[in-house]
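First residue of the sequence shown: 1, per the UniProt record's numbering; consecutive thereafter. Shown next, in structure tokens, is the structure this report addresses.
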Amino acid sequence: MDKVVASAAEAVADIGDGASLAVGGFGLCGVPTVLIDALFERGSRGLTVVSNNCGLDGRGLGRLLAAGRIARAMGSYVGENKEFARQYLAGEIEVELMPQGTLAERLRAGGAGIPAFYTPAGVGTLVAEGGLPWRYAPDGSVAVASPPKEVREFGGRSYVLEEAITTDFALVRAAKGDRHGNLVFDKAARNFNPLCAMAGRITLAEVEELVEPGEIDPDAVHLPGVFVQRVVALTPEQAADKPIEKRTTRPAPDAGKGVG
């Protein structure tokens with residue numbers, strides 16, 4: 001039952017070329033950067049990555065992307081990553097974009113054993129009708145386009161059929177975890193992490209605080225250990241490494257007022 005491994009390098013040791021990965025996080029929040037860095041050092045190539053976005057330039061999945069290790073990405077947001085946009089438009093990477101809620105539900109369905117589901121999101125658009133550019137040719141033409149999807153009517157409203165997503169591995173980050181793999185996520189870090197963990201056949205979790213079984217109130221568990229196969233305990237320095245994507249500040253309410 002003890003799922004703790006000695007290092008992130010050991011945890012990712014069997015992730016080979018061509019593997020598919022579901023990776024938690026949103027922007028820079030809840031991203032399993034230590035596991036991603038270990039995978040970068042391992043040198044795996046030709047990866048298929050399922051994640052909301054593909055990290056930032058030089059950070060998170062952005063490291064794998066810049067090194068040309070990702071062959072296909074499935075997500076909902078190209079975001080601030082200029083290299084991701086460049087590779088996509090240059091035909092160097094295949095990208096399947098989808099509505100964010102659809103991505104979340106496709107991952108959840110995969111973890112729940114549901115093969116497909118109907119959703120109104122995307123009806124009447126290229127998402128349902130097909131034709132979204134998945135890969136561009138070097139001359140800028142569309143080399144691979146999305147296929148049309150089944151659309152059915154329920155209660156007088158149209159819905160598009162979306163298939164579940166499962167992956168070979170999942171990489172997630174949690175605020176707290178025990179040796180049995182039960183995980184707790186902190187606030188917004190509970191974004192795509194539980195869903196990715198469910199969708200992966202083998203799930204690797206890096207945890208900021210490792211506790212013994214029984215120390216987490218069962219009612220406080222966000223993800224049961226049944227979905228997790230390996231746990232990596234982060235060092236205090238690794239746990240504290242949480243950069244801010246866009247720092248926004250404003251003057252204090254009493255700024256400029258005299259002290260009297």
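We treat Cβ as the ideally placed atom computed from N, Cα and C, and that holds for glycine. Keep in mind it's a predicted model, so treat the numbers as computed, not measured.
Note that the C-beta distance between SER158 and VAL123 is below 7 Å. Taking a C-beta distance under 7 Å as the contact criterion, ARG179 and VAL4 qualify as a contact pair. With a beta-carbon spacing of about 36 Å, ARG247 and GLU162 fall beyond the 8 Å limit used to define contacts. Taking C-alpha positions only, ALA175 is separated from ALA252 by approximately 30 Å. For the alpha helix (DSSP H) assignment, the uninterrupted runs of no fewer than 4 residues enclosed by the stretch 17-85 are, from N- to C-terminal side, 33-42, 61-66.
In the three-state reduction of the DSSP assignment, ARG250 falls in the coil class, being assigned neither a helical nor a strand state. Separation of the CB atoms of ARG59 and LEU28 is rounded to 7 Å, and the pair is thereby assigned contact status at 8 Å. VAL31 sits buried, since 16 or more C-beta atoms from the chains shown fall within 10 Å of its C-beta. Secondary structure note for LEU107: its alpha helix (DSSP H) is the uninterrupted segment 100-112. Put simply, of GLY18, VAL232, GLU237, ASP217 the residue whose alpha carbon is nearest the alpha carbon of GLU10 is VAL232. The criterion of a C-beta distance shorter than 7 Å is not satisfied by SER146 and GLY156.
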